[in-house]
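For my numbering, add 1418 to where a residue sits in the sequence shown, where the first one is 1. Contents: one structure, followed by commentary.
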Amino acid sequence: MATITGSIHELNNPIKVWKNFRLAIEKNIESGVDEFVRHGQEMIETWQRQVRKAVGVQLPDSQWHSRRNPNKLFPYRNTGRQQDSITGLVRKKATAAGNFSITAWGEIGVPYASYTNVGKPARHDGATPGWVGWVDDVLYGDGRGGIMSVSDVFEAMSIERVIMKEFEV
């Protein structure tokens, strides 16, 4: 699995994971860089759509203060802020060293999303909610509920990078 370089911020900041890729500028590879970035962006956008859909199930206002279904893999949507804060991007930049620096990231921009990973909420019936740890899973875990994680996207991009490198002269 690809190693994520960068940082992971929790609680007071958006939860964000990112990775840098370096590509040498060669005449025969320069045209492939845009394709690499475009495909990476498509994968990040797929991740965004899948996670937004999973956390987009509206909980009726009347049930906001009641116990949630412990079998659900993702938390319910109350306000929509969490769903709207899910972002990601792949961008390229030419560096002075004669390379392309490509940065890719995935982010959940509301700080309270990380609270679903901190401990297990106490329930009178003793059930452990299925959404505990969902943020870790969709950012740098094995994914969940059929959704790949950002780490999986980075791994796929790293594999593509290795393939591209074989064609460099």
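Note that CB positions come from ideal geometry on N, CA and C, so glycine has one too.
Closest by CA to residue i, which one among the options?
i: Trp1436; options: Phe1454, Thr1505, Gly1544; result: Thr1505
i: Arg1470; options: Gly1516, Gly1524, Gly1544, Val1550; result: Gly1524
i: His1542; options: Phe1454, Phe1439, Arg1485, Lys1434; result: Arg1485
i: Ile1565; options: His1457, Ala1472, Ile1526, Leu1477; result: Ala1472
i: Leu1557; options: Arg1440, Ile1526, Gln1476, His1457; result: Ile1526
What does a CB cutoff of less than 7 angstroms around residue i pick up in its chain, not counting 5 residues either side in sequence?
i: Ala1574; result: Met1461
i: Gly1561; result: Asp1555, Ser1567, Asp1570
i: Gly1474; result: Arg1495, Gln1501
i: Gly1548; result: Pro1488, Asn1489, Lys1490, Leu1491
i: Ser1425; result: With a pLDDT of 49 at Ser1425, under the threshold of 50, the predicted position of this residue should be treated as unreliable, though the coordinate-derived value follows. Within the same chain, Ser1425 has no close Cβ partners at all.
Since residue i sits in a beta bridge, which residues does DSSP pair it with?
i: Arg1440; result: Ser1519
i: Arg1467; result: The partner list for Arg1467 (beta bridge, DSSP) is empty, contrary to what the question assumes.
i: Ile1462; result: The partner list for Ile1462 (beta bridge, DSSP) is empty, contrary to what the question assumes.
i: Ile1565; result: Arg1562
i: Ile1433; result: Ile1526
Excluding the 5 residues flanking residue i on each side, which residues of the same chain have their C-beta closer than 6 angstroms to its C-beta?
i: Arg1499; result: Val1528
i: Gln1510; result: Per the sequence presented here, residue 1510 reads as Lys, with Gln not at that position. Same-chain partners within the cutoff: Val1455, Phe1518, Ile1520.
i: Gln1459; result: Val1508
i: Asp1452; result: none
i: Gln1476; result: Arg1495
Apart from the five residues on each side of it in sequence, which residues of its chain come closer than 8 angstroms, Cβ to Cβ, to residue i?
i: Ala1515; result: none
i: Thr1513; result: Ser1519
i: Gly1563; result: Ala1472, Leu1491, Phe1492
i: Arg1440; result: Asn1517, Phe1518, Ser1519, Ile1520
Does the Cβ of residue i lie closer than 7 angstroms to at least one heavy atom of the ligand GTP?
i: Pro1478; result: The ligand GTP is absent from the structure shown, which contains no ligand whatsoever.
*Whole beta strand (DSSP E) runs in the stretch 1474-1555 with 3 or more residues, listed along the chain?*
1504-1512, 1517-1526
_Touching by the beta-carbon criterion (3+ pairs, under 8 angstroms), the stretch 1463-1483 and the stretch 1492-1510_ = yes
*Please confirm if the stretch 1466-1473 is in contact with the stretch 1503-1517, defined as three or more CB-CB distances below 8 angstroms between the two stretches.*
yes
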